[in-house]
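Remarks on the structure that follows.
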Amino acid sequence: MELQFNQIKKRSEERIKKYGANINQYLPILEYRGVRSNDEIIKRGTIMAGMVYIAHQAPTSVVSEWIVEQGIYSYVTEFERGILDKNEEEVTFRRDFED
């Protein structure tokens with residue numbers, strides 16, 4: 094059975110809206126084909142927290158070093174690597190998180 098990521102995203106967003114929450118239209122579709130363990134969820138959540146810090150003007154170099162120090166860089170997605178590899182002047186919330 095082939096997963097239909099657009100349909101999954103649509104159903105998930107409908108559920109979220111049902112509870113009165115807003116959807117960030119710029120979030121990418123996740124094409125992950127498995128169930129994550131608790132350990133993987135914690136690691137991904139930690140990385141996503143770093144991305145939020147960058148969106149709030151934290152230096153990419155500091156966040157990247159922090160992720161490496163935590164030993165979780167192998168869990169960084171290609172999209173996130175693209176942001177972490179930029180210097181602070183190249184990163185803006187709109188430009189990098191809207192694509």
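Numbering (our numbering), first residue to last: 94 to 192. Every residue gets a Cβ at the ideal spot worked out from N, C-alpha and C, and that includes glycine.
Can you list, in chain order, the residues of its chain with a C-beta nearer than 7 Å to that of lysine 136? Leave out the 5 residues immediately preceding and following it.
Ile165, Tyr168
Is DSSP giving glutamine 163 helix, strand or coil here?
coil
Residue range of the alpha helix (DSSP H) that lysine 179 falls in?
No alpha helix (DSSP H) contains lysine 179, which DSSP labels as neither H nor E.
Would you mind working out which of Glu173, Ala151, Glu158, Gln100 sits nearest methionine 141, comparing C-alpha positions?
Glu173
Who are the near neighbours of threonine 139 in its chain, counting only those whose CB is closer than 8 Å to its CB and skipping five residues on each side?
Ile160, Gln163, Ile165
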